[in-house]
Amino acid sequence: MRALATVLVLVAVAARPSHAWPENHWGSQLPAGDGRELTVKLCSRCHNLEKTVVARKSPKEWERSVYDMISRGAQIFPDEAEQIVQYLSAHFRP
Numbered sequence: 003m004r005a006l007a008t009v010l011v012l013v014a015v016a017a018r019p020s021h022a023w024p025e026n027h028w029g030s031q032l033p034a035g036d037g038r039e040l041t042v043k044l045c046s047r048c049h050n051l052e053k054t055v056v057a058r059k060s061p062k063e064w065e066r067s068v069y070d071m072i073s074r075g076a077q078i079f080p081d082e083a084e085q086i087v088q089y090l091s092a093h094f095r096p
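For the sequence shown, position 45 (counting from the first letter as 1) is numbered 47 according to this note's numbering, and the numbering increases by one without interruption.
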């Protein structure tokens with residue numbers, strides 16, 4: 003019985019909601035600008051923003067990355083995706 007309880011606790015910890023990432027302090031590293039809040043809100047639903055903060059991509063590469071996230075299930079509307087791409091392209095260029 004104790005082993006079953008331990009397994010259930012471990013499963014509950016591993017299956018925590020994706021919006022509970024403790025590493026979301028990376029969002030505070032994003033520079034101010036149009037699209038910042040939207041980028042933090044929508045992109046950090048699924049992952050922390052560490053790779054975003056350190057990445058340097060061309061506008062086309064950012065567009066590819068954002069639409070790749072959408073194809074993986076990110077709940078982002080096309081107009082929101084465009085704002086995110088513009089923000090990332092303006093602040094995280096090569």
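We put the beta carbon where it would ideally sit given N, CA and C, even for glycine.
The beta-carbon separation of T54 and C45, rounded to 7 Å, stays under the 8 Å limit for a contact. Per DSSP, the unbroken alpha helix (DSSP H) holding S73 starts and ends at 61 to 73. At the C-beta level, Q77 and G37 stay beyond 9 Å of one another. For W64, the CB contacts under 6 Å within the same chain, skipping 5 residues up- and downstream, are V87, L90, S91 in chain order. The Cβ atoms of H93 and L32 lie closer than 9 Å to each other. Counting of Cβ neighbours within 10 angstroms places V56 among the exposed residues, the total staying below 16. Distance from R58 to R95 at the Cβ level is roughly 6 Å; contact confirmed, criterion being Cβ atoms closer than 8 Å. In this chain, the alpha helix (DSSP H) harbouring Q88 covers 80 to 93. For R58, no alpha helix (DSSP H) encloses it, and the DSSP letter there is neither H nor E. Across the set G75, R74, Y69, the C-alpha of Y69 shows the shortest separation from the C-alpha of D81.
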